[in-house]
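Just below is one structure, and these are the notes that go with it.
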Amino acid sequence: MKNWTKQEIADVYNQPLLELLYQAATVHRKYNDPREVQISKLVSIKTDGCPEDCGYCPQAARYHTDINGNSLMSVEEVKGHAQEAKDMGSSRVCMGAAWRNVKDDSDFDQVLEMVKSVNQMDMEVCCTLGMLTESQAKRLADAGLYAYNHNLDTSEEYYKEVISTRGYEDRLQTIENARKAKLTVCSGGIIGMGEKDEDRISMLYTYSLMKPQPESVPINALVAVEGTPMEDQKPVPIWDMIRMIATTRIVLEHSAVRLSAGRTEMSEEGQALCFMAGANSIFAGEKLLTTPNPEFNNDLALFEKLGLVPMKAYKKGDKPKINEDYKKAPEKKEKIKWSRPAHIIDRNEKAKKKPKVSRIGFEPRKVSSVKEL
Ligand code: SF4
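The sequence shown begins at -4 in the working numbering and counts up by one.
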């Protein structure tokens, strides 16, 4: 595996676009079947009321967006969503909860049951639940979890402009905890948050240094939601998305590159170029956590046009075996030392003070306070 320097990644990223596309498509063909694209289903198992202040996120309790929150879903509901997705060709389910970090409580026990149930449906199971200790990662692995998602989002330098309630090192620590439990890692970024090209390059450099590199790298285009600090960000040009996906494919040649949020703003031609550039996964279903996403049927029609086929589960790894030890909570709680930098981010502060979005028939959402979570 090549040891990249930041300058080398910058040279790849800054090439003339068609040269970059050609190079990425060549790498893609070396390691993947370019006709296969994995369809993943994202299920928001607990929506809204998050105590963190991520500047892009409508689920942060402190911003006044109009999303509908829900408490933790039942195992049966999750199974229903998974089955529906499987029937449409999906082979992976990612369950997301708007938490700062996982706690050893009954909600976590319920998530473990969800993981086990979806594993038994022969689908790859991924979770994104916030920061995670090593023993929690181990219980998830025992319950049959295939991957843990924890995004670095952007470069370490720009992260401070996006989030003040935790530090970059917390992200890296959680990824390491997942690794210690032998989970595969899903970790990627968001473009269009006001970052520079150097930040995108720097994030890819960080991923390239990981040993092993993440098996899965979602690349998201910011969906600017009203009420969030980033509500005024302009949509990311499709060319930036193609450039970022192509560079990710070249630098992280063995990773699955996931074309994630922002697809509703992309033309079919734009998405086709992303597949050409090496994207080998999409998230399907009408919503991506809380933001709009193309419908399953539209995606299947696009697959038909482009001659793509849905990838089967466990193409790049074995199905995790379930170990009933997942039911045992740790006797001694691990010491948690997640940071809380609490520096001031002006746009986050401004969004916090904005009046609530008012709509006819819209009921103010219920949110949990920071203390409750
Ligand atoms: S931690 Fe997740 S759910 Fe919470 S505000 Fe950040 S992105 Fe949103």
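Ideal Cβ positions, reconstructed from N, Cα and C, are used throughout, including at glycine.
Computed from a predicted model, the values in this text were never measured in an experiment.
Residue from the options whose Cα sits closest to the Cα of residue i
i      : options                           : result
Gly187 : Glu71, Gln228, Asn144 and Arg166  : Gln228
Ser276 : Leu15, His23, Gln33 and Met(-4)   : Gln33
Leu254 : Tyr321, Leu15, Lys310 and Gly183  : Gly183
Lys314 : Glu119, Met261 and Met225         : Glu119
Lys133 : Lys349, Ala337 and Glu329         : Glu329
Ala308 : Glu290, Met68, Asn114 and Ile170  : Asn114
Met83  : Met90, Ser112, Glu290 and Met126  : Glu290
Asn65  : His76, Lys41, Arg258 and Lys322   : Lys41
Glu260 : Ile233, Leu268 and Ala241         : Ile233
Thr369 : Ala92, His249 and Tyr153          : What is shown of the chain runs -4 to 368, which leaves residue 369 out entirely.
Asn27  : Arg335, Ser250, Gln266 and Pro336 : Ser250
Asp320 : Pro224, Lys111, Glu226 and Gly257 : Lys111
Lys25  : Tyr8, Ala142, Glu248 and Lys191   : Glu248
Ala219 : Ser130, Gly189 and Gln208         : Gly189
Lys327 : Gln18, Asp99 and Ala138           : Asp99
Gly312 : Ala142, Gln10 and Glu108          : Ala142
Asp165 : Asn96, Glu108 and His23           : Asn96
Glu151 : Met239, Gln78 and Thr201          : Thr201
Met116 : Ser39, Ala80 and Thr169           : Ala80
Leu297 : Lys322, Lys323 and Arg258         : Arg258
Glu344 : Gln10, Ala176 and Gly222          : Gly222
Val106 : Ser86, Arg87, Ala138 and Ser85    : Ala138
Asn293 : Val304, Gln2, Glu263 and Glu226   : Glu263
Proximity of residue i and residue j at Cβ, strictly below 8 Å
i      : j      : result
Tyr51  : Leu217 : yes
Arg30  : Gly302 : yes
Cys121 : Asn146 : no
Ile340 : Glu156 : yes
Ile158 : Glu299 : no
Thr237 : Leu13  : At residue 237 the sequence reads Ile, which differs from the Thr that was named. Contact: no.
Leu379 : Leu178 : Residue 379 cannot be examined here, being either before or after the span of the chain that is shown, -4 to 368.
Ser391 : Val246 : With the chain running from -4 to 368 in the structure shown, residue 391 is simply not present.
Asp102 : Leu127 : no
Gly162 : Ser334 : yes
Val73  : Met90  : yes
Asn153 : Asp104 : The amino acid occupying residue 153 in the given sequence is Tyr; Asn does not appear at that position. No, the Cβ-Cβ distance between Tyr153 and Asp104 is not below 8 Å.
Pro207 : Ala346 : no
Ala77  : Ala136 : no
Where residue i sits in the DSSP three-state scheme
i       : result
Val365  : Per-residue confidence for Val365 stands at a pLDDT of 31, beneath the threshold of 50, marking its modelled position as unreliable; no derived number is given.
Lys1    : helix
Ile317  : coil
Met(-4) : coil
Asp227  : coil
Lys347  : helix
Ala272  : coil
Ser130  : helix
Asn144  : strand
Lys300  : helix
Glu264  : helix
Ser101  : helix
Leu124  : coil
Glu152  : helix
Asn292  : helix
Asn65   : strand
Glu108  : helix
Ala279  : strand
Ala55   : strand
Asn96   : strand
Residue range of the beta strand (DSSP E) that includes residue i
i      : result
Met90  : Arg87 to Ala92
Ala216 : Ser211 to Ala216
Ile186 : Gly184 to Ile186
Ile34  : Glu31 to Lys41
Val180 : Thr179 to Cys181
For residue i, the first and last residue of its enclosing alpha helix (DSSP H)
i      : result
Arg166 : Tyr163 to Lys175
Thr21  : Leu12 to Tyr26
Arg253 : Run containing Arg253: none in the alpha helix (DSSP H); it sits in the beta strand (DSSP E), Ala251 to Leu254.
Ser197 : Asp192 to Leu204
Gln372 : Because the chain in this structure spans residues -4 to 368, residue 372 falls outside the shown range and cannot be described.
Asp235 : Ile233 to Val246
Nearest-angstrom beta carbon gap, residue j and residue i [assumed within contact, 8 Å]
i      : j      : result
Cys45  : Trp94  : 7 Å
Ile4   : Ile196 : 5 Å
Val252 : Ile214 : 6 Å
Leu199 : Thr243 : 6 Å
Ala19  : Ala241 : 4 Å
Pro325 : Ser130 : 5 Å
Closer than 8 Å to chain E by CB, residue i
i      : result
Asn146 : Reference to chain E is not applicable here, since this structure consists of a single protein chain.
Distance cut-off 7 Å: residue i Cβ against heavy atoms of the ligand GDP
i      : result
Gln208 : Judged by which ligands are present, the ligand GDP is missing from the structure shown, whose ligands are the ligand SF4.
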